[in-house]
Amino acid sequence: MNTMDFQNALEITGLGLAGVFLFMALFLAIIVGVDKLFPYKKEEDGN
Amino acid sequence: MDFATLMPAIAFMTWKHLVMIAVGLILIYLAIKKGYEPTLLLPIGFGAILVNIPFTAALTQTDPAGNVVVGALDVLRDAGIHTELFPLLIFVAIGAMIDFSPLFQKPTLLLFGAAAQLGIFITMLLAVAFGFSLPEAASIGIIGAADGPTSIIVSQQLAPQLLGPITVAAYSYMSLVPIIQPPVIRALTTKKERLIRMKTNTSKKVSRTTLVLFPIIITVLAGIIAPSSLALIGFLMFGNLIRECGVLNSLSQTAQKELANLVTILLGITIASTMTANEFVEIHTIMILCLGVFAFVFDTAGGVLFAKFLNLFYKEGNKINPMVGACGISAFPMSARVIHGMGLKEDPNNYLLMPAISANVGGQIGSVIVGGLILMLVPLFM
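Structure below.
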């Protein structure tokens, strides 16, 4: 096993997991925000 | 005239060729008899036979006069895989198929799309420990994304020599979700946890403006934070925009059906062009197939354990059924169906389909994001 590669893989693991959670948290905020800004209106049923 | 000149395919057939032809037959059997991802496993299986007959004209060969005769599968591979065109077109089709509105029912379930990517990174660490280089290990880990096109793009960029086994593992294990996930979930949860009922607001409707804005905002945001993820997420969201805009129904239908079918046919048989005996019948292929199982197991565990962690903060009545966490993988809608079925087995009146679908949609986004992140991060450490 290449210990340098393993250390790098550990760093990528930390950054990758943090990154994906950050992305998802941002998407979550966007979903909540956009849904609040543009709520569903009854008139859309006619479309 | 000697036998080798008369029948070169038989004369130069080795045990490795025979193994690969047997692999092709097994994949065809699994596709037809067991129904495991037949749209891909059947073309891959047939392609594996096609490219493992010595001197096959499907691959580029040099004739006795020394002229190079280009094979059709090599042309397709150069055009569709090396350029990443086929997987990206599949993303357009998938985007057109995804309905993101379940995410708006309970947006917090989106986070399972992050938690259930744990297996990718654990598997990457394991692969490095087994002696694979960092780019190879990252490509092997991405099998855990349970997302064929993402696996193809990542391995094509980081470890093209492993494209064949990684793709076969990714698609095979996606079809084995009903076998891989339940025992892991049962091992990590109690009966009481599996009986948790979840409140769902199925009557909540989402405005068209919201559904149209969502893919645009996500694309811009992904582009700003991780430009390397933009091809993946951008094509997915483009397909979704076609679906949700409401004025391109014909294109949306074409993307979901004709485009998906055409590219799938070409993708499967082209992937098989990488499954030549000399490249595939190696010890590393077996290791990749084993590590792929680990990736799925740890993905499932990541989602389940994250749900249990969140439940520490939720009050009684608002808790999440930890089985739903396992749906944070990209295998859609198979994982959601499996969890819904498990829920019904524990309690015939516990309907987990809606939250499971929401988490599963989150998994589809999560797998693409992780693919982009890996493409961004790995080169920084090489």
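In order, the protein sequences belong to chains A and B. FYI, the numbering for the first sequence is 1 to 47, going by our numbering. FYI, the numbering for the second sequence is 1001 to 1382, going by our numbering. Cβ coordinates follow ideal geometry from the N, Cα and C atoms, glycine included. Note that this is a predicted model, so its numbers are computed, not measured.
message: The alpha helix (DSSP H) that contains Y1029/B, what's its start and end?
response: The count along the second sequence starts at 1 and reaches residue 1029/B at position 29. Start and end: W1015 to Y1029.
Short CB-CB distance (under 7 Å) between Q1117/B and chain D: Note that chain D does not occur in the displayed structure, where the protein chains are A and B.
- prompt: So with Cβ pairs under 7 Å, would you call A18/A a contact of chain B?
  reply: One-based indexing of the first sequence puts residue 18/A at position 18. It does not; no Cβ of chain B falls within 7 Å.
- request: Please confirm if T3/A has its CB atom under 7 Å from at least one CB of chain B.
  value: Numbered from 1 along the first sequence, position 3 holds the residue referred to as residue 3/A. Chain B, which has no Cβ nearer than 7 Å to the Cβ of T3/A, makes this no.
query: Along chain A, which residues have their Cβ under 7 Å away from the Cβ of P1107/B?
result: Taking the second sequence and counting its residues from 1, the one referred to as residue 1107/B is at position 107. What P1107/B touches in chain A: L28, I31 and V32.
task: Assign T1167/B to one of three DSSP states: helix, strand, or coil.
output: Taking the second sequence and counting its residues from 1, one reaches residue 1167/B at position 167. Here T1167/B sits in helix by DSSP.
Straight-line Cα distance separating K1319/B from F1313/B: Position 313 of the second sequence, counted from the first residue, corresponds to residue 1313/B. Position 319 of the second sequence, counted from the first residue, corresponds to residue 1319/B. For F1313/B and K1319/B, the distance between alpha carbons rounds to 9 Å.
- request: Would you list the residues sitting across from Q1157/B in a DSSP beta bridge?
  value: In the second sequence, residue 1157/B corresponds to position 157, counting from 1. Beta-bridge pairing links Q1157/B to no other residue.
Cβ of S1207/B within 7 Å of any chain A Cβ: As a working mapping, residue 1207/B is identified with position 207 in the second sequence. For S1207/B, the answer is yes, since a Cβ of chain A falls inside 7 Å of its Cβ.
- prompt: Taking the Cβ atom as the reference point for each residue, do L28/A and P1107/B lie within a distance shorter than 7 Å?
  reply: The count along the first sequence starts at 1 and reaches residue 28/A at position 28. The count along the second sequence starts at 1 and reaches residue 1107/B at position 107. Contact: yes.
field: Chain-order list of residues whose beta-carbon lies under 6 Å from that of K1016/B (same chain, five-residue window excluded)
entry: Counting from one through the second sequence, the residue named residue 1016/B turns up at place 16. Excluding positions up to five away in sequence, the list reads A1277 and V1281.
task: Please name the residue, chosen from A1004/B, I1196/B, L1073/B and L1213/B, that lies closest to G33/A on a Cα-to-Cα basis.
output: For the purposes of this step, residue 33/A is taken as the residue at position 33 of the first sequence. If we check each option's Cα against that of G33/A, L1213/B comes out closest.
field: Rounded C-alpha distance that separates S1133/B from D5/A
entry: Working through the second sequence from its first residue, we reach residue 1133/B at position 133. Working through the first sequence from its first residue, we reach residue 5/A at position 5. Their Cα atoms are separated by approximately 7 Å.
- prompt: So with Cβ pairs under 7 Å, would you call G1366/B a contact of chain A?
  reply: On the second sequence, residue 1366/B is found 366 positions in, with the first residue counted as 1. Yes, its Cβ sits closer than 7 Å to a Cβ of chain A.
query: A1116/B and G1325/B look like a contact to me (Cβ under 8 Å); what is the Cβ gap, rounded to whole Å?
result: Taking the second sequence and counting its residues from 1, the one referred to as residue 1116/B is at position 116. Taking the second sequence and counting its residues from 1, the one referred to as residue 1325/B is at position 325. That pair is a contact at about 7 Å.
- request: Would you mind working out which of I1010/B, T1150/B, T1062/B and V1154/B sits nearest A1379/B, comparing C-alpha positions?
  value: As a first step, residue 1379/B is located in the second sequence; it is residue number 379 there, counting from the start. According to the sequence shown, residue 1379/B is Pro rather than Ala. The option with the nearest alpha carbon to P1379/B is V1154/B.
- prompt: With a cut-off of 8 Å, do at least 3 Cβ pairs link the stretch 1130 to 1148 of chain B to the stretch 1013 to 1031 of chain B?
  reply: no
- request: Compare the Cα-Cα distances from M1287/B to each of S1101/B, I1166/B, A1187/B and V1023/B and report the closest residue.
  value: Within the second sequence, residue 1287/B is the residue found at index 287, counting from 1. Here the closest residue by C-alpha is I1166/B.
- request: Just tell me which of M1124/B, L1109/B and F1086/B has its CA closest to the CA of L1266/B.
  value: As a position in the second sequence, residue 1266/B is number 266, starting the count at 1. The option with the nearest alpha carbon to L1266/B is F1086/B.
Contact between the stretch 1228 to 1236 of chain B and the stretch 1244 to 1257 of chain B (3+ Cβ pairs under 8 Å): no
query: G1024/B and A1058/B: beta carbons closer than 7 Å?
result: Locating residue 1024/B in the second sequence gives position 24, where the first residue counts as 1. Locating residue 1058/B in the second sequence gives position 58, where the first residue counts as 1. Result no, Cβ atoms of G1024/B and A1058/B do not sit closer than 7 Å.
- request: Please compile the residues from chain A whose C-beta is within a distance smaller than 8 Å of the C-beta of I1374/B.
  value: If you number the second sequence from 1, residue 1374/B lands on position 374. Within chain A, the residues near I1374/B are I12 and G16.
- prompt: Going straight from the alpha carbon of A1065/B to that of T1083/B, what length do you get?
  reply: Indexing the second sequence from 1 puts residue 1065/B at position 65. Indexing the second sequence from 1 puts residue 1083/B at position 83. Between A1065/B and T1083/B, the C-alpha separation is close to 31 Å.
Alpha carbon of T1264/B to alpha carbon of R1186/B, nearest angstrom: Here residue 1264/B corresponds to residue number 264 of the second sequence, with the count starting at 1. Here residue 1186/B corresponds to residue number 186 of the second sequence, with the count starting at 1. Distance between the alpha carbons of T1264/B and R1186/B: 34 Å.
message: Could you tell me the alpha carbon to alpha carbon distance between I1369/B and R1197/B, rounded to whole angstroms?
response: The sequence position of residue 1369/B within the second sequence is 369, counting from 1. The sequence position of residue 1197/B within the second sequence is 197, counting from 1. If you take the alpha carbons of I1369/B and R1197/B, they lie about 30 Å apart.
message: Measuring only the C-alpha atoms, how far is M1353/B from L17/A?
response: Numbered from 1 along the second sequence, position 353 holds the residue referred to as residue 1353/B. Numbered from 1 along the first sequence, position 17 holds the residue referred to as residue 17/A. The amino acid occupying residue 1353/B in the given sequence is Leu; Met does not appear at that position. C-alpha separation (whole angstroms): 27 Å.
- request: Can you tell me which of M1/A, Y40/A and A25/A puts its alpha carbon nearest to the alpha carbon of A1222/B?
  value: In the second sequence, the residue the question calls residue 1222/B occupies position 222. Comparing Cα-Cα distances from A1222/B to each of M1/A, Y40/A and A25/A, the minimum goes to A25/A.
message: Within the continuous alpha helix (DSSP H) that includes G1119/B, where are the two ends?
response: For the purposes of this step, residue 1119/B is taken as the residue at position 119 of the second sequence. Its alpha helix (DSSP H) spans residues L1118 to A1129.
- request: Using a Cβ cut-off of 7 Å (strictly closer), state whether G1113/B contacts chain A.
  value: The residue labelled residue 1113/B in the question sits at position 113 within the second sequence. G1113/B counts as touching chain A.
Pick from D1063/B, G1095/B and S1172/B that is closest to I1028/B, judged by C-alpha positions: For the purposes of this step, residue 1028/B is taken as residue 28 along the second sequence, with counting starting at 1. With distances taken between Cα atoms, I1028/B lies closest to S1172/B.
query: CB-CB under 7 Å to L977/B, same chain, minus the five flanking residues each way: which ones, in chain order?
result: It is not possible to answer for residue 977/B, since the shown part of chain B is limited to 1001 through 1382.
query: Can you tell me whether A1008/B is buried or exposed, with buried defined as 16 or more other CB within 10 angstroms of its CB?
result: If you number the second sequence from 1, residue 1008/B lands on position 8. The sequence given here has Pro at residue 1008/B, not Ala. Answer is exposed; the Cβ neighbour count stays below 16.
query: Looking only at DSSP bridge pairs, what is Q946/B linked to?
result: Shown here, chain B extends from 1001 to 1382; a query on residue 946/B therefore has no answer.
task: Establish whether the CB of I1369/B and some CB of chain A are separated by less than 7 Å.
output: On the second sequence, position 369 is the one that residue 1369/B refers to. Chain A contact via Cβ: present.
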